Amino acid sequence: MMPSALDERRHAESRARIIARLRSAEKAEKAKAGKGEAATTSRAKPVLLKPVLPKFVEQTQGRTACFVARAEALSCQFLTGGQAAEKKTAGKMATEKMVKEKVIAKAALGKVLRDFFVARRGKKAAPLLLFDALEKAFWERLGILKILEGRCRPVEMREGVEGRDFATSPFPAFSLQRAVCAVAETGTLVFANRTRAQAVLTFLPTVHIVLLAERDITGSLEQAFARVQPSSSRAALWACHLVSGPSRTADIEQTLHMGAHGPKELVILLYR
Amino acid sequence: MTEETPSKVAVLATCLADALRPQTVLATCTLLTRANPDNKPPALPKRQTCCGQILYNAGDRKGAALQALRVIDLFEPFQAVVVPSGSCAGMLKRHYPHLLAGTPHARRAEACAKKSWELTEFLHLHLPRKDSSRNSSQGSSHASLKDPPPLTWHDSCSCLRECNGSAACARSLLARYGFRLHEAREREVCCGFGGKFSVANSAVSTSMADDKLARLEQSGAKVVSSCDLGCLLHLAGRARRRTLPLSFFHIAELLVEQESPHRDALPQELLPIGA
Amino acid sequence: MRSVSSTKSFHDAAAEALQNPSLRAALDKAGAGFLTTRSRAFASLENARALTDAAQQARTRAVDGMADLLLLFEERARAQGVSVHWAETAEQARETVLALCAGKRRIVKGKSMASEEIELNKALSRTSAEVIETDLGEYIVQLAEEIPSHIIAPAVHKTRAQIDALFRHHHGGKGGESSQNRVRSSQALVEEARRVIRQKFLHAEIGITGANMLIAERGAALLLTNEGNGDLSAVMAQRHIVLAGIERIVANDRDAAAVLRVLARSATGQSLGTYVSLYGGTGDAHKDTHVVLLDNGRSAMHGGAWHDMLRCIRCGACLNHCPVYTKVGGHAYGWVYSGPMGKVLSPLLAEAGTDARLKRRVAALPHASSFCGRCVEVCPVGIPLTSLMRKLRNRHFERPESIGGWKTKLGCLCLRFLFAYPRLYRVFLALALRLLKTAARGKGHVAFLPGLGGWTKTRDFPINRRARSALALCERANRNASHTP
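Protein chains in written order, with this note's numbering: chain A, 17 to 288; chain B, 3 to 277; chain C, -10 to 474.
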């Protein structure tokens, strides 16, 4: 088409002109302020040393309880020690007991997950279960892949897997993913994806099953951002995603519906 | 409030009330006389015209600044300027300092802003509560206090957003005078007046007025009052065109009417706006 | 683009919109919901004011230091393998995106106001590529060949019945004759859109999205969506193109968090959007990311009278709370930005562009406000929208460009003159009041007034029955009092 449109030199010239305009405006403003003329705009106040958090974040004692309550209000489901949690108790503050029930012992994870798939078993063939190839060892250590044998068909997501590979797959499919951390303030799960294939786990399946360690629940958005610094992670980060509940839309007559394009259900396995 | 009542008070009549609704200005003067410790009537400087808002909103910043200076000059000798309109009071309080910022008159604009009052704010502080015994407990059973008509209140945008506190002041004044307020829904939504807007964007402005009128009607009251004559003229004009059974009065008129003896519930001599 | 005629003024378009029953129905239905969700979201916070202050400071920092932050962003993004392109004009941005899409046929798009601003879809549709808007609202608007009528709810002006009809038309003959008459539930419509668009995602070669913020220190673009469509666009295709205005920059994570706290609350009443994603990294050999930085008039706004407008975070709260917007909808504003923010932004951006018709169409927007001030009250980053509109009106006054502008100027100059000579003003007023009284013929109002036709077309004009100004009456009373002591 127009190779010149991507010409480095042309972009450098554009950049120079844009920056020059911004700088000259800054200079003019400074000169004006120097003359003691009334500033036409409100200028920067001194930089805050501490982020301003919603009051409830500072006050919250139980991070887990806060996270659980907020995530449930966003229509997330928690699996409990017994079986899949029945319909969420939206909005209600989780009582201590309810929270306790939702924190599963690490050893019991496999069983809880198997029960979940048993409860979900439809008449059709076993559903796809997408998981990250890089995390295979982790899931194997937990014994989860073995325990799910026959209940679903595991699919390893690795670099180079393309969307069209799924063009004929039967949806709904499930995905299993580990969250880096969670945010109590907003009931949000945080994923740091090193590859595009990992990000597919977050957005493509119908049911997104997330494993989250209780100790990884942080208080505020700032803390969560700090956990996904590009420099701090061992491998380079491609993208990170903050997920608050299942996909939703209100674009038709402002009525809310779950499962617009992303997952229709967000299932959380909280463990200690 | 322990604040001392200023003795040298002047009224900025506002161009709209001066020209189209003198009753509002006269009632304002009556109330301010009552609010004065020596029963002295307020001054009504003869050389006043307009606060300059019409120029300011039309984009004539320079003309507005000139007019602001004239108003500041004119009211320099007084301790308080009382304005029976939220938008004009807002002009003095909020926009004069902004208009004259950076000029040699900035200080004077600030001083003018400080001594400017929307009518109900001023009355709320300074109108003596001599009638409190009569109004509070025995209320309407007292012979000399009339049974006021059910009333609904229109909060003008400038009262809500430029003279914060005016909404509460007006309500407390009305309660003091024995009015029962039937509140309308969505009181914070504009009625669509907006000065030149009501003429230049007639269709939208009218549609906004119709929404507002519907909500005022739903309140169940037949009498509508407000602090802003602009809104009232606009709403009354629309209600009259649609022959809606609503009548419109400025709050000052209602308060004066309520205290003058030997009248029926609805003011008779005082015709509603547009009637 | 059917719904925005090329020449219609706001005045005419608004009057037309008021006569459109389905538009009225759709707007009425949407209106109240936006307001309650937002006020609930802020009411549940004890320190809402502190949070909006923090967001305002974050945006102020970003806009004031834009030059340095943009350069930092570029440096960091490049270091992570992201290509950064600079576009001074809409045209240059279009060319850049077209060049990046060269040879590819299947393009999916997330919601981006910047792309609407540069009319990217129009340009792409002239190539052989198929472009699909994937945000449900944008998709509906695309099928209807319209432009969005709201910056966060693009299809807010469409009723369910209209959407159902659109889907039936474009998705082929699903459903027999019997179901043709029944309007499907919105759940069913969402399902259908999901099914159709999913196939597009799976085969996409290029994903184009906007960005809500560009985080300088991280060198990453932040994208906020509820549907997950933006992320699927970014993730599924091999090439991800981010198109963002240069003022989307913020300094760091902390400032981004401060803005995030008020953004979704103001927009939809959520504490955070469902998906907040940071894009800007390498690590995947099968993926390249490009960021196109769009100026298109923004740098000209910097530092001057319009500087404050650059703080805008496009939350849409001012639209939802505007009594004019909620009456007429977004299309009356003649361009992609509507409501109070559009009244300020559209004329300023149009000025920088080359479209003379657009410029004329949006020039009068700053005059279409009753100055009720509700937009200023709800703006989470404290943009003085009404003051900015006044400044724009001031500029029209100084340099009138239309007959209406000259009329206003003349009127103001006459008033200035009268105000300067109060005695003359009094004489003039007395005369006018006498005339009005005669015209009213014993009534308290007139039904027609030359020069105020806009008013008297729909409203009576209340007159002064006494035909004397308040000052004249007082003067007479004083005179009588002094004569009869």
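All C-beta atoms, glycine included, are put in the ideal place defined by N, C-alpha and C.
Every value quoted in this text rests on a predicted model; they were computed, and no experiment measured them.
Residues of its chain near residue i, where Cβ-Cβ distance is below 7 Å and the 5 sequence neighbours each way are ignored
i, result
"S89 of chain B", "Q55, S158, S160, D230, G232"
"R287 of chain C", "G234, I235, E236, L299"
"S174 of chain B", "H126"
"A149 of chain A", "E172, M173, R174"
"G277 of chain A", "With the sequence shown as reference, residue 277 of chain A is identified as His, and Gly is not the correct amino acid for it. These residues qualify, in order along the chain: S263."
"V73 of chain C", "E63, A66, R67, V280, L282"
"F80 of chain B", "K10, V11, A12, A45"
"G318 of chain C", "A6, L12, L16, S138, H146"
Assigned exposure category for residue i - 16 Cβ within 10 Å defines buried
i, result
"E164 of chain B", "buried"
"G442 of chain C", "exposed"
"E6 of chain B", "exposed"
"G167 of chain B", "exposed"
"V73 of chain A", "buried"
"N215 of chain C", "buried"
"T202 of chain A", "buried"
"Y410 of chain C", "exposed"
"S175 of chain C", "buried"
"H279 of chain C", "buried"
"G395 of chain C", "The question names Gly, yet the displayed sequence has Trp at residue 395 of chain C. Classification of W395 of chain C: exposed, given that the 10 Å Cβ count is below 16."
"L399 of chain C", "exposed"
"L71 of chain B", "buried"
The alpha helix (DSSP H) enclosing residue i, as first and last residue numbers
i, result
"Y268 of chain C", "Here Y268 of chain C belongs to no alpha helix (DSSP H); instead the beta strand (DSSP E) covers 264 to 268."
"A223 of chain C", "218 to 225"
"S101 of chain C", "Neither: S101 of chain C is in no alpha helix (DSSP H) and is coded neither H nor E."
"H0 of chain C", "-1 to 7"
"P147 of chain A", "Sequence inspection shows Phe at residue 147 of chain A; the Pro mentioned does not correspond to that position. Premise fails: F147 of chain A lies in the beta strand (DSSP E), 144 to 148, not in any alpha helix (DSSP H)."
"F406 of chain C", "392 to 409"
"S114 of chain C", "109 to 114"
For residue i, the three-state DSSP class (helix, strand or coil)
i, result
"F23 of chain C", "helix"
"I238 of chain C", "strand"
"Y287 of chain A", "strand"
"I230 of chain C", "strand"
"C256 of chain A", "strand"
"V191 of chain B", "coil"
"A12 of chain B", "strand"
"P47 of chain B", "coil"
"A29 of chain B", "helix"
"V172 of chain C", "coil"
"P99 of chain B", "helix"
"T85 of chain C", "helix"
"H192 of chain C", "coil"
"L61 of chain C", "helix"
Residues near residue i by beta carbon distance below 8 Å, same chain, minus five either side
i, result
"R288 of chain A", "V119, I120, A121, K122, A229, E230, R231"
"K198 of chain B", "I56, N59, A60"
"L225 of chain C", "It is Met, not Leu, that sits at residue 225 of chain C in the sequence shown. Counting only Cβ-Cβ distances below 8 Å, and skipping sequence neighbours, we find V97, F190, L191, A193, G196."
"N41 of chain B", "T35"
"A14 of chain C", "T148"
Host beta strand (DSSP E) of residue i (start-end)
i, result
"F132 of chain A", "Not the beta strand (DSSP E): F132 of chain A falls in the alpha helix (DSSP H), residues 125 to 136."
"G196 of chain C", "195 to 198"
"W475 of chain C", "A question about residue 475 of chain C goes unanswered here, because the residues of chain C that appear run from -10 up to 474."
"A209 of chain C", "209 to 214"
"V280 of chain C", "277 to 283"
"I121 of chain C", "119 to 122"
Own chain partners of residue i with C-beta closer than 6 Å, once the 5 adjacent residues on each side are dropped
i, result
"S236 of chain A", "L69, V73, E201"
"A456 of chain C", "L422, R423, K426"
"I107 of chain C", "A79, A82, R83"
"T375 of chain C", "F360, G362, V365"
Just to confirm the assignment: which complete beta strand (DSSP E) runs, minimum length 3, are found wholly within the segment 165 to 224 of chain A? 169 to 173, 190 to 194, 197 to 199, 204 to 209
Ignoring anything shorter than 4 residues or poking outside the segment 309 to 351 of chain C, list the alpha helix (DSSP H) runs there in chain order. 314 to 317, 328 to 341
Which complete alpha helix (DSSP H) runs does the segment 35 to 94 of chain B hold, if anything under 4 residues is left out? 55 to 60, 63 to 77, 88 to 92
What ranges does the alpha helix (DSSP H) occupy inside the segment 199 to 223 of chain B, keeping only unbroken runs of at least 4 residues that lie completely in it? 204 to 220
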